[in-house]
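Since the structure comes first, as structure tokens, the remarks are kept for the end.
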Amino acid sequence: MEQVFGRKQNNNKKTEASIVRCAIYTRKSTNEGLDQEFNSLDAQREAAEAYIASQKHEGWVCLPEYYDDGGFSGGTMERPAVKRLLADIEAGGIDCIIVYKVDRLSRSLLDFARLVETFERNNVSFVSVTQQFNTTNSMGRLTLNILLSFAQFEREIIAERTRDKMSAARRKGKWVGGHPVLGYDVAPGGGRLVVNEEETAKVQVIYELYLERQSLIATVQELNRRGWTTKHWITKKGREHIGKPFNKNKLLDLLTNVIYLGKVNHKGTIYEGEHEAIVSEEIWRNAQNVLKRNGKNGGKLVRNKYGALLRGLLYCIPCQAAMTHTYTTKSKNRQYRYYVCSKAQKQGWSTCPTKSLPAAEIERFVVERIRCIGKDHRLIAETIQQAQAQNKKQLDELERERRILELELKRYHNELHQLIGSEASSAADSDSPTTNRLADLQDRIGSTEQQITRIRALLSG
């Protein structure tokens with residue numbers, strides 16, 4: 023005899039003592055008539071109990087628990103009795119689910135397919151009393167597979183339509199959702215961005231601060247000193263998103279976001295947006311040039327305030343420690359610069375025989391030696407060769423970083439497509455965890471695309 027879905031075989035013979043624990047689920051979309059002595063839920067349960075009684079010879083018994091959802095739509099899974107039913111299934115207390123009709127369990131084919139996956143995972147059968155739908159036999163399982171095939175087809179069609187719609191909206195410069203950025207709010211009716219005047223002033227100052235300091239870290243320090251944070255906003259459902267302190271990555275995302283130019287980025291292609299620009303083309307271009315330059319030299323020239331030529335290069339051999347640049351002021355208008363052994367600074371002057379060196383003298387000595395080296399053509403050729411090798415290494419690292427980011431981008435897109443399918447039956451403005459994850463993925467995709475664009479610019483430069 024074939025194995026019954028949800029039951030175990032023993033040498034192909036059914037055990038007479040085996041018991042099939044049956045749970046009855048009932049539902050009615052409205053509260054109308056539920057206060058009657060015998061209502062729709064009672065009628066559904068009575069029909070299910072009669073069916074279970076007809077299968078008594080197969081060991082079917084009716085569980086005493088009532089799983090009744092009165093006044094709940096079948097288009098959503100947010101139903102208390104369904105949640106209790108699924109919890110009891112996961113706990114292993116149910117072998118078969120009995121309903122009057124399939125649509126009593128769910129009116130959504132996508133939700134129904136997910137429920138059946140839960141049933142299969144826990145070896146639970148499913149029976150519809152009035153529709154000859156029973157997964158305890160081969161015909162019922164065939165019907166199930168047909169339904170699941172259509173469910174998969176529907177999910178894929180919905181995902182394709184959603185992706186096409188989002189792509190078309192992006193190409194038209196429309197706002198397609200996600201977390202709004204500093205400087206903009208989502209319009210009350212949704213679907214587009216509107217300028218937030220107070221935040222716009224902050225964004226413009228942030229660009230000015232970066233162009234003035236020409237260093238991400240220095241700008242972040244100033245922003246945090248002022249107590250400025252990233253976007254603080256509240257969803258339509260009233261959920262509050264607290265602004266966070268700026269860090270290097272958050273500032274970089276802000277400075278490279280084309281949304282401030284009144285544009286949108288879709289898969290690396292820039293389109294004119296419907297929203298208003300709040301940063302001028304000139305300021306934007308200047309900021310990108312500084313970012314590109316600092317991306318090559320690490321911003322060392324910016325941070326080297328006193329022009330220390332050998333900063334980060336000198337090394338105290340006796341102490342095996344780096345020498346740091348410092349200065350002292352002996353008069354109001356004159357400073358004296360030194361390179362000091364870091365061990366001497368931390369553990370005392372007596373621990374180091376070198377202690378410190380006059381900056382001007384050691385820098386002059388090094389420059390003269392370099393000039394002498396410049397006359398050695400063999401050494402010049404070797405230096406150029408090493409520089410080229412180092413440059414190639416840096417380009418290889420950038421290329422490796424680009425590939426990693428592209429793999430991350432592909433993973434984000436795959437997860438986005440899966441979530442689009444899983445959330446297809448939900449409301450577009452739902453504040454469910456899945457919807458929030460969709461918005462987070464859109465942000466991550468945008469940020470990753472910006473990083474890839476920046477790296478490509480460095481590679482082409």
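Residue numbers 23 to 483, in my numbering, belong to the letters of the sequence shown in order.
Note that beta-carbon positions come from the ideal geometry of N, C-alpha and C, so glycine has one too.
Using the beta-carbon count (16 or more within 10 Å), is residue i buried or exposed?
i	result
LEU401	exposed
TRP371	exposed
TYR337	exposed
ILE168	exposed
ASP186	exposed
ILE300	buried
ARG476	buried
THR252	buried
GLY114	exposed
ILE228	buried
PRO86	exposed
LYS50	buried
ALA309	buried
GLY334	exposed
SER62	buried
Could you pull the start and end residues of the alpha helix (DSSP H) that residue i belongs to?
i	result
ILE239	238-248
TYR122	Note, TYR122: premise wrong, no alpha helix (DSSP H); not H, not E.
PHE387	381-395
THR222	219-235
SER364	364-369
SER76	62-76
ASP275	270-277
Between which two residues does the beta strand (DSSP E) carrying residue i extend?
i	result
ALA45	42-50
GLU285	Looking at the sequence shown, residue 285 is not Glu but Lys. Per DSSP, LYS285 belongs to the beta strand (DSSP E) from 285-288.
VAL149	147-150
VAL83	82-84
VAL208	206-208
ILE111	Counting along the chain, ILE111 falls outside any beta strand (DSSP E), though it belongs to the alpha helix (DSSP H) covering 102-112.
ILE292	291-294
TYR89	89-92
Are residue i and residue j closer than 8 Å when you measure CB to CB?
i	j	result
GLY81	ILE41	yes
HIS9	TRP255	Given a span of 23 to 483 for the chain in the structure shown, any question on residue 9 remains unanswerable.
VAL83	ILE119	no
TYR434	LEU480	no
THR346	TYR358	no
TYR89	ALA103	yes
GLY290	ILE474	yes
GLN236	VAL312	yes
ARG422	ARG478	no
ASP117	VAL146	yes
SER364	ALA381	no
CYS341	CYS374	yes
THR348	TYR360	yes
GLU471	LEU420	no
HIS297	LEU215	yes
Residues in its own chain within less than 8 Å of residue i by CB, not counting five upstream and five downstream?
i	result
VAL389	LEU331
GLU71	ILE46 and CYS84
VAL225	LEU204, GLY205, LEU276, TYR282, ILE300 and VAL301
GLN367	THR346
LEU231	THR241, GLU244 and LEU245
LEU233	ILE305, ASN308, ALA309 and VAL312
Considering only residues of the same chain and omitting the five flanking positions on each side of residue i, which have a CB-CB separation below 7 Å?
i	result
ALA75	none
LEU274	LEU238
GLU385	LEU331 and LEU332
GLY211	none
Under the criterion of a Cβ to heavy atom distance below 7 Å, does residue i qualify as lining the ligand ADP?
i	result
LEU204	In terms of ligand content, the structure shown is empty, and the ligand ADP therefore cannot be addressed.
Spatial neighbours of residue i within its chain, please: C-beta separation below 6 Å, excluding the five flanking residues on both sides.
i	result
LEU438	LEU463
VAL121	TYR47, LEU127 and SER150
TYR73	VAL151
With a threshold of 8 Å between beta-carbons, can residue i be considered close to chain D, or not?
i	result
SER469	No chain D is part of this structure, which consists of one protein chain only.
At least three beta-carbon pairs within less than 8 Å, the stretch 238-249 to the stretch 266-277: yes
Validate contact between the stretch 54-69 and the stretch 88-101 using beta carbons, cut 8 Å, 3 pairs: yes
Three-pair Cβ contact test at 8 Å for the stretch 393-411 versus the stretch 465-473: No contact exists between the stretch 393-411 and the stretch 465-473.
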